[in-house]
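> Here's a structure for you.
In this note's numbering, the protein residues as written are 846 to 972.
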């Protein structure tokens, strides 16, 4: 059985590092991208069981990743709805975003060590 793999996308480097450490602590393979273009490159090159992305990233809206995921071979990712978005903005229509195929929206700020165990449920569900 293949090991689950997570892609973490956020332009806050400290949060990226904390999330990476927390997933690694739980023995979950993970990769990080600090901008949309790097995230797209990684999504083209590899497959992921969970994508955890900020809704707003400096070079694009994180929500744009949904459209890209639909275009590439991530049918299983889209079908399982293993896309979780993070947001520090309260002006978003969360219900509308969830209709776009997102499993969950996590409000920032949060403690990565507390959030990661909750996100692992999306990986275990695929076993």
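Don't be surprised by glycine CBs; every beta carbon is placed ideally from N, CA and C.
Near residue 874, what residues of its chain come up, given a Cβ to Cβ distance below 6 Å and the 5 sequence neighbours on each side ignored?
Contacts found: 848 and 850.
> In angstroms with no decimal places, state the Cα-to-Cα distance between residue 954 and residue 890.
One C-alpha to the other measures close to 30 Å.
> Give me the residue from 858, 895 and 866 with the minimum Cα distance to residue 949.
It is 895.
> What did DSSP end up calling residue 948 once you bin it into helix, strand or coil?
Reduced to three states, the DSSP call for residue 948 is coil.
> Taking the Cβ atom as the reference point for each residue, do residue 892 and residue 961 lie within a distance shorter than 8 Å?
Cβ distance not < 8 Å, so residue 892 and residue 961 don't count as in contact.
> Helix or strand or just coil, what does DSSP make of residue 850?
Strand at residue 850.
> Please say whether residue 860 and residue 898 have beta carbons closer to each other than 8 Å?
Against a cut-off of 8 Å, the Cβ pair of residue 860 and residue 898 comes out as no contact.
> Provide the residue(s) that pair with residue 899 in DSSP beta bridges, ordered along the chain.
931.
> Using CA coordinates, which residue listed in 911, 900 and 963 is at the minimum distance from residue 933?
If we check each option's Cα against that of residue 933, 900 comes out closest.
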